[in-house]
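Here the numbering used here is used: position 105 in the sequence shown is 110, and no number is missing along the way. For each residue, glycine too, the CB sits at the ideal point set by N, CA and C.
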Amino acid sequence: MKSLQDLEKRFLVTTGCFFLISIALLLLPLCGGGETGIEKGIGTLVGILFWVGIMSGCVSYFLMYRKYKEALEKRLPQSRIPSCLRVWGNPVAIGIDILFLIGLIGAVYCNVTIGVNRILDFLSLFITITCFYLHFLATGKVFQYLAQVKIKKGVRENERKADM
């Protein structure tokens with residue numbers, strides 16, 4: 006049980022690291038042309054958040070996967086297709102993929118239409134990038150393992166309640 010809680014915490018930390026990339030995108034409009042000191046500072050902050058998010062997210066996921074690799078391989082079935090390439094792989098991934106498509110359509114619309122609102126442009130970019138990274142996390146083996154363990158745990162609790 007302790008190991009499962011540790012894995013859940015590590016997964017949330019990894020998700021938070023990748024979320025830094027999306028936060029950096031939301032700060033882009035504040036960079037302006039980089040003419041003032043504040044705009045340059047925000048531009049530097051955006052770059053730092055972006056790269057720290059990518060590097061820390063990748064390292065965190067790699068370390069988490071390596072630590073729990075044996076449990077993942079033992080419990081999850083092997084597949085020919087890498088799990089990250091499965092679209093609509095589970096209920097959470099379905100929701101994320103639908104949001105990704107909505108964000109992508111919004112981003113394309115904002116880039117094609119010249120007079121579109123900048124807030125809508127950055128919001129659709131935020132949704133697209135956030136859902137892109139969440140797709141890989143939600144279809145990955147670590148998430149599949151966590152979901153499988155939670156489902157089995159819920160079934161066991163329901164069986165115990167039924168026996169009473």
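With a beta-carbon spacing of about 6 Å, Met-69 and Thr-19 fall inside the 8 Å limit used to define contacts. Cα atoms of Ser-27 and Leu-128: separation of roughly 10 Å, rounded to the nearest angstrom.
Following the DSSP letters along the chain, one finds Val-117 inside the alpha helix (DSSP H) bounded by residues 96-117.
Shown here for Lys-79: not one same chain residue has a beta carbon closer than 7 Å to its own, the five before and five after excluded. Between Lys-166 and Leu-77, the beta carbon gap of about 29 Å keeps them out of contact (Cβ cut-off 8 Å). If you draw a straight line from the Cα of Ile-156 to the Cα of Gly-58, it is about 30 Å long. Put simply, the backbone Cα of Pro-82 is about 19 Å away from that of Lys-158. The beta-carbon distance between Asn-95 and Ala-152, rounded to whole angstroms, is 7 Å. This is short enough to meet the 8 Å contact definition.
Of the other Cβ atoms in all chains shown, fewer than 16 fall within 10 Å of the Cβ of Asp-168; this residue is therefore exposed.
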